[in-house]
Amino acid sequence: MGRTTLFKTPHPPIASSSRSPKPKPKSNMSPDIITFRWNDKMVYVPPPASHQEAVDQAKEEFAEELAGFDDQQFCFTVAVTIGEEKEKQTVNISQRAWETLMPRLKQYEIVNISIRPLVVVHPSEDAPPPQYAFGDEKDGQSLSRQPSPARLDTSSASGSRSQTSSRPGSPNMRSRAMGWIERRIGNNNDA
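Per the UniProt record's numbering, numbering of the sequence shown is gapless, rising by one per residue and ending at 191.
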């Protein structure tokens, strides 16, 4: 039996791209620059790391217009396209979503700045309760109605039920019941 010898033959190197997919370039890389817009003015800024940093940057970049506002009044929004009709809508960026959203914005994406009204409530112990309008006012602006009729307690030791007074203009249940009783008692006394 003959001896078989294996010879090593040089093979060309296998291209790594044929066996593994090529890495795709990242399309949603974190932006280096975004655009802050306040009214008709725009400025490029590095993406703020937090909502508070965004407020600080906005106050710095638009100092004349925004310096006097409280931090909690600042609202940041982006425009998005939704659905097959490509409808544009504005979406608020919440404080908690800020860090997650910033890396997903596109380079130079516009972040709108708006100011919410500041609501301050100072309860006063001396202040009277609010006044409500009733339906009998002549200006027609009243949204309230007259108070409901008061419930009259006509229960007695005999355990009769309480009756509700009727509407103005119609006979009162209590007076009708008392009239009947008086007639019954009156008729018995006459006999």
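Virtual Cβ for every residue (Gly too), placed ideally from N, Cα, C. Nothing here was measured: the structure is a model prediction, and the numbers come from that model.
Three-state secondary structure (DSSP) of residue i
i: GLU87; result: strand
i: MET29; result: coil
i: ALA79; result: strand
i: VAL55; result: helix
i: ARG96; result: coil
i: SER165; result: Reliability fails at SER165, whose pLDDT of 47 lies under 50, so the model's placement of it is uncertain and no value is given.
i: residue 192; result: Since the first residue of the chain shown is 1 and the last is 191, residue 192 is not available in this structure.
i: ALA157; result: Residue confidence for ALA157 is low, a pLDDT of 46 falling below 50, so the modelled location carries little weight; the figure read from the coordinates is stated next. Looking at ALA157 - three-state DSSP - the assignment turns out to be coil, as it is neither helix nor strand.
Distance, residue j Cα to residue i Cα
i: ASP112; j: ILE34; result: Position check: residue 112 holds Asn in this sequence, whereas Asp was assumed. So the two alpha carbons sit approximately 11 Å from each other.
i: PRO130; j: GLU53; result: 41 Å
i: GLU87; j: THR81; result: 5 Å
i: MET29; j: VAL120; result: 41 Å
i: ALA67; j: GLN57; result: 11 Å
i: GLU85; j: LEU101; result: 24 Å
i: ARG104; j: HIS122; result: 41 Å
i: PRO47; j: ASP70; result: 21 Å
i: ILE185; j: PHE134; result: 42 Å
i: PRO128; j: GLU64; result: 40 Å
i: GLY83; j: GLN107; result: 23 Å
i: ASN39; j: TYR132; result: 40 Å
i: ALA79; j: ILE110; result: 8 Å
i: TYR60; j: ASP32; result: Position check: residue 60 holds Glu in this sequence, whereas Tyr was assumed. The straight-line gap from Cα to Cα measures roughly 19 Å.
Of the listed residues the options, nearest to residue i (C-alpha basis)
i: ARG37; options: PRO31, PRO48, HIS51, PHE62; result: PHE62
i: VAL55; options: GLN95, PRO31, TYR132; result: GLN95
Cβ-Cβ separation, residue j to residue i (assumed contact under 8 Å), whole Å
i: GLU99; j: SER50; result: 7 Å
Residue-level contact to chain C via CB, residue i, 8 Å cutoff
i: ILE110; result: Protein chain content of the structure displayed is limited to a single chain, and chain C is not contained in it.
Task: Meets three-Cβ-pair contact criterion under 8 Å: the region 106 to 116 and the region 70 to 78 - done: With a cut-off of 8 Å on Cβ pairs, the region 106 to 116 is in contact with the region 70 to 78, counting three or more such pairs.
Open item on the list: Between the region 84 to 95 and the region 33 to 45, can you find at least three pairs of beta-carbon atoms closer than 8 Å?
Closed with: These segments do not touch.
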